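Numbering (this note's numbering), first residue to last: 11 to 261.
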């Protein structure tokens, strides 16, 4: 059954975005793109109170909305200004990992899906994981398309199911694909994110081995390092236990 898909990302008009739209369209699904005019990695679910947008055609075939703002804003503007009748939102394919708690809370790719989730949609964030940052310069369209096809096939398999978590986070290794593992989110704290010197900091020199710790059995990081795609169900903003806080305030 064809699905009505809102395709988003945080890399602007990119190979990963085209791959995801192509993979969905080739399976007969209806595609509308929501993206940004700029690269927005690390934007999370940030929004702007005012945004200019253009409805256009991307890749010579897909109706799209492009904003001069953040990925979450692109999704929100699409839902409010253009159309609301989507079955799912899928964001990616991101040029970079979204593994573990730090990445997920910072990710514009995930943030775009989260905007859709807060508006009543279900969706998936899709990321292509290389072993180090500089490998992305040499990755071909086919690498992104492989990740995109996997994402669409998973979405098709789950389309008729009741989702207990409305956001799924998929990370696909670029060097191998042994299968898919359902994983937990790696929550090991990040100890070194930036490399700083002389008043300037940069995080773009990461490698998978140095930046991501496989410390939690069954985590997304562990699965990807072993050559598997990691599919992680994520529930946002659930309320924690109230009793301890009440007792602390009363005491």
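All C-beta atoms in this analysis are idealised placements derived from N, C-alpha and C, irrespective of residue type, glycine included. Everything numeric in this text was worked out from a predicted model, so none of it was measured.
How about residue i and residue j: are their beta carbons less than 7 Å apart?
| i | j | result |
| --- | --- | --- |
| residue 89 | residue 129 | yes |
| residue 43 | residue 83 | no |
| residue 118 | residue 30 | no |
| residue 140 | residue 184 | yes |
| residue 135 | residue 33 | no |
| residue 230 | residue 197 | no |
| residue 204 | residue 213 | yes |
Pull up the CB-CB distance for residue i and residue j, whole angstroms please, since I reckon it's below 8 Å.
| i | j | result |
| --- | --- | --- |
| residue 99 | residue 123 | 5 Å |
| residue 22 | residue 54 | Wrong, their Cβ atoms sit about 16 Å apart, outside the cutoff. |
| residue 169 | residue 13 | 6 Å |
| residue 175 | residue 243 | 4 Å |
Over the uninterrupted alpha helix (DSSP H) stretch that includes residue i, give me the two end residues.
| i | result |
| --- | --- |
| residue 32 | 25-36 |
| residue 46 | No alpha helix (DSSP H) contains residue 46, which is instead part of the beta strand (DSSP E) from 40-46. |
| residue 218 | 218-221 |
| residue 138 | No alpha helix (DSSP H) holds residue 138; the beta strand (DSSP E) holding it covers 132-139. |
Between residue i and residue j, what straight-line distance do the alpha-carbon atoms span, to the nearest angstrom?
| i | j | result |
| --- | --- | --- |
| residue 200 | residue 224 | 12 Å |
| residue 238 | residue 108 | 14 Å |
| residue 75 | residue 81 | 11 Å |
| residue 180 | residue 35 | 19 Å |
| residue 250 | residue 186 | 38 Å |
| residue 227 | residue 104 | 25 Å |
| residue 280 | residue 27 | Lying outside 11 to 261, the shown extent of the chain, residue 280 is not represented and no answer is given. |
| residue 218 | residue 260 | 46 Å |
| residue 146 | residue 37 | 27 Å |
| residue 191 | residue 235 | 12 Å |
| residue 24 | residue 209 | 32 Å |
| residue 125 | residue 39 | 21 Å |
| residue 165 | residue 127 | 15 Å |
| residue 67 | residue 207 | 43 Å |
| residue 121 | residue 151 | 24 Å |
| residue 133 | residue 189 | 21 Å |
| residue 116 | residue 154 | 21 Å |
| residue 245 | residue 69 | 33 Å |
| residue 177 | residue 111 | 14 Å |
Applying the criterion that 16 or more other CB atoms from any shown protein chain within 10 Å of the CB defines a buried residue, is residue i buried or exposed?
| i | result |
| --- | --- |
| residue 96 | buried |
| residue 253 | exposed |
| residue 65 | exposed |
| residue 202 | exposed |
| residue 50 | buried |
| residue 18 | buried |
| residue 255 | exposed |
| residue 247 | exposed |
| residue 182 | buried |
| residue 2 | Look at the range of the chain in this structure, 11 to 261, and you will see that residue 2 is not part of it. |
| residue 106 | buried |
From what residue to what residue does the beta strand (DSSP E) around residue i run?
| i | result |
| --- | --- |
| residue 94 | Note, residue 94: premise wrong, no beta strand (DSSP E); not H, not E. |
| residue 196 | No beta strand (DSSP E) contains residue 196, which DSSP labels as neither H nor E. |
| residue 258 | Careful: residue 258 lies outside any beta strand (DSSP E), inside the alpha helix (DSSP H) at 253-260. |
| residue 205 | 205-207 |
| residue 99 | 98-105 |
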